[in-house]
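Chains A and B, in that order, are what the protein sequence lines are. Going letter by letter, the first sequence gives residues 1 to 330 in my numbering. Going letter by letter, the second sequence gives residues 1001 to 1330 in my numbering. This report refers to the structure that appears directly beneath it.
There are 2 protein chains.
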Amino acid sequence: MAHGGGGRMMQKLIDDVIQPIFNNPILNQKHDSAILSMPSGKLAFTTDSYVVNPLFFAGGDIGKMAVCGTLNDLAMSGAKPLYLTCALIIEEGFSIKDLQTILASMQATAEQAGVSIVTGDTKVVEKGKGDGLYINTAGVGCIAENIQVHAQNIEIGDQIIINSDLGRHGMSIMLEREGIDFKNQLQSDCADVSGLVQQLLDKNLPIHCMRDLTRGGLASGLIELATNSKHKYTLQEQTLPVHETVKTACEILGFDALYSANEGCFALFIPKSASAEAISCLQQHPLGQQACIIGEVTETHDKGLVTVETPLGIQRSLELFSGEQLPRIC
Amino acid sequence: MAHGGGGRMMQKLIDDVIQPIFNNPILNQKHDSAILSMPSGKLAFTTDSYVVNPLFFAGGDIGKMAVCGTLNDLAMSGAKPLYLTCALIIEEGFSIKDLQTILASMQATAEQAGVSIVTGDTKVVEKGKGDGLYINTAGVGCIAENIQVHAQNIEIGDQIIINSDLGRHGMSIMLEREGIDFKNQLQSDCADVSGLVQQLLDKNLPIHCMRDLTRGGLASGLIELATNSKHKYTLQEQTLPVHETVKTACEILGFDALYSANEGCFALFIPKSASAEAISCLQQHPLGQQACIIGEVTETHDKGLVTVETPLGIQRSLELFSGEQLPRIC
């Protein structure tokens, strides 16, 4: 508790543990606010809190996730991520060594993306008032003047492309919790896709919309978009890529892979004429090698609708789950 | 828990509870990132998580505090606050009515400051893994090109001014926790000082540095600054304004008002030649009526030092507390 009180021990925690890991000139100014020089134009601004349980899982940890998640949110709006914040809510008694591991993981992920963690905050709560560590990251990025990526741009005929197979994050968290060791076969897809998205943007492809498929998976992400864009999206069942281990895990545990969370998978809406070029651009990147078309925007629809069509032509519509498949997934 | 799962119930919570309160065109776009048009120039970027206990206290609540705190952090760097985020970590079972009250309090405070809450995030954690509600706010603001407010600008001879009396937030939280009813005499000073700061900036006063005196109070704030600027600050004991009720509360509870948190009080460093004008400008604003000079930057000092001088000329130096006077104060 003493580490959260604004006194010498908190100063020491910041100076000895946090500052050396995130080390950069803006953070080191030790201002309450970071002072940034921004290129002119539109700014993207986003935030997410991360309460994932467990903190460490196959393919990542809460730190990597807190950076990737916010970078991905910025990328989905067509922005180039520039700066992040890091606010920690630490439960009394949490191991400093684990904290260091997690902060180092944040820094490594940020560095690889070319962004800096420029300001932050540290709070400590009593035992039983938290769960080890919660992290909030906020991020800013710049959007080039010519870029307009939004649900409102989605049009009939748009192809729906995803960059990778579905449901890995949700299932790997679930297996971790159940103590089932699938580690060799299954890892979370937790990754920063902002570099991949930048590659698409650099090609000036006419992207209408992008959406990361996190909490609630592909189904929830697309249903929400369809509700906003007022269209029917028709997905082809046999094109939906699901890893064999995810399929098995879903069967064992009674989950649906289309609703299982992803942390490095997104959907891209683009006119048919540009879809082949988008696929080939995606496939040149390690995070886009499985890129494929999974469906199409087929008609306008007042309330929004997402259906999955089997090879026999039978359509079933996807519905939002009432509550959650999995709590504390991110 | 179902409200945090990314399904229909979470959508309903956002659409029915959160969106209507914060209601503004940028938020209503329902993007993962808010898209903002920023004036050119320097950007200030800051974040804080709020874990204050209790959530409601005399003079404010966690919502008002989460907005004021981040506005004040931006103001302290000489920025005009523009946009905020709001990320909620809700403990399972927390009352929707209390949530609405708190969000309405955030919105009212933001509106009064002329800023919008443009994006957010909602997480739900199991009972016993939180404490009702934790809020993170991040904020961005713009800094006019001619403004340079920083500890490095502090010079010998600078006058140290504060805008109000000391220690009210810490003591009102403490009395609330102890169940002592001082409500009629003592309220937290929780307030947004960004308007007051803007008034100073508009006058082109040569402000060298500003610092809000939150966790750890006046003493901790000034010690941290002195360490950065490598000066000795000498404060005059008889000029330090402390409300009678705060004095009494400190005596009863064994606290030192100079270390008690403030949420609407800041220190301002300014050359002697401009100090009278600064005081008169501050006093024209409701939050600056008690503005006064409390001391001066007297010499350079390698490690930084803050001393309090009694009317008899005896100096005692202030030290950072090791841990905390009060946990969960903000």
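By construction, the Cβ of each residue, glycine as well, lies at the ideal position given by its N, Cα and C atoms.
Problem set entry | Secondary structure of D202 of chain A, DSSP reduced to three states | helix
Problem set entry | Per-residue burial, A1191 of chain B [other beta carbons within 10 Å of its own, 16 or more giving buried] | buried
Exercise. So, are the CB atoms of V1242 of chain B and G1167 of chain B less than 8 Å apart?
Worked result: yes
Problem set entry | Alpha carbon of E1319 of chain B to alpha carbon of T1239 of chain B, nearest angstrom | 20 Å
Exercise. Can you name the residues of chain B whose CB is closer than 7 Å to the CB of G6 of chain A?
Worked result: R1215, G1216, S1220, E1324
Exercise. From this set, A:E251, A:Y83, A:A276, A:S105, which residue's C-alpha is nearest I26 of chain A's C-alpha?
Worked result: A:Y83
Exercise. What number of angstroms, rounded off, separates the C-alpha of Q19 of chain A from the C-alpha of D1073 of chain B?
Worked result: 19 Å
Exercise. Using a beta-carbon distance cut-off of less than 7 Å, what residues from the segment 1015-1034 of chain B approach chain A?
Worked result: K1030, H1031, D1032, S1033, A1034
Problem set entry | Close beta carbons around S260 of chain A, own chain, < 6 Å, minus the five adjacent residues each side | G167, G170, M171, G217
Problem set entry | Spatial distance of G1041 of chain B from L36 of chain A (CA atoms) | 9 Å
Problem set entry | Boundaries (first-last residue) of the alpha helix (DSSP H) holding C68 of chain A | 62-76
Exercise. Whole alpha helix (DSSP H) runs in the segment 190-254 of chain A with 4 or more residues, listed along the chain?
Worked result: 194-202, 217-229, 244-253
For this session: Pick helix, strand or coil for G4 of chain A, following the three-state DSSP scheme.
Result: helix
For this session: Output the distance between the C-alpha atoms of A1276 of chain B and Y1233 of chain B, rounded to the nearest integer angstrom.
Result: 19 Å
For this session: With 7 Å as the C-beta to C-beta threshold (strictly closer), list the residues of the segment 85-119 of chain A near chain B in chain order.
Result: T85, A87, I89, V118, T119
Exercise. Which residues in the same chain have their Cβ closer than 7 Å to the Cβ of R328 of chain A, if we skip the five residues on either side of it in sequence?
Worked result: V51, V52, N53
For this session: Could you check what DSSP says for I268 of chain A in three-state terms: helix, strand or coil?
Result: In the sequence as displayed, the identity of residue 268 of chain A is Leu instead of Ile. Strand at L268 of chain A.
For this session: Would you check if there are 3 or more beta carbon pairs closer than 8 Å linking the segment 1090-1107 of chain B to the segment 1062-1069 of chain B?
Result: yes
Exercise. According to the neighbour-count rule (16 or more other Cβ atoms, all chains shown, within 10 Å of its Cβ), is I1096 of chain B buried or exposed?
Worked result: exposed
Exercise. Can you find a CB in chain A that lies within less than 8 Å of the CB of F1045 of chain B?
Worked result: yes
Exercise. Anyone know if the C-beta pair for V125 of chain A and E178 of chain A falls short of 8 Å?
Worked result: no
Exercise. Using a Cβ-Cβ distance under 8 Å, would I1073 of chain B count as near chain A?
Worked result: Going by the sequence as given, residue 1073 of chain B is Asp instead of Ile. Yes, D1073 of chain B counts as interfacial toward chain A.
For this session: Below 8 Å on the Cβ atoms is my guess for N1153 of chain B versus L1196 of chain B; work out the distance and round it to an integer in Å.
Result: That belief does not hold up - the Cβ atoms of N1153 of chain B and L1196 of chain B are roughly 20 Å apart, past 8 Å.
Problem set entry | Assumed close pair A1138 of chain B, T1085 of chain B - CB separation to whole angstroms, cut-off 8 Å | 5 Å
Problem set entry | Close Cβ partners of V17 of chain A (< 8 Å) along its chain, the five nearest in sequence each way excluded | I96, L99, Q100, L103
Exercise. Using a C-beta to C-beta distance shorter than 9 Å, which residues of chain A count as neighbours of V1051 of chain B?
Worked result: G4, I89, K123, V124, V125, K129, G130
For this session: Would you please verify whether the beta carbon of Y134 of chain A is less than 8 Å from any beta carbon of chain B?
Result: yes
Problem set entry | Nearest residue (CA-CA) to L235 of chain A, options A:N228, A:M174, A:E299 | A:E299
Exercise. Does the Cβ-Cβ distance between F1022 of chain B and I1117 of chain B come in under 8 Å?
Worked result: yes
Problem set entry | Start and end residues, alpha helix (DSSP H) containing N28 of chain A | 25-28
Exercise. Can you tell me the Cα-Cα spacing of F1266 of chain B and A1075 of chain B, whole angstroms?
Worked result: 10 Å
Exercise. In three-state terms, what does DSSP make of G120 of chain A?
Worked result: strand
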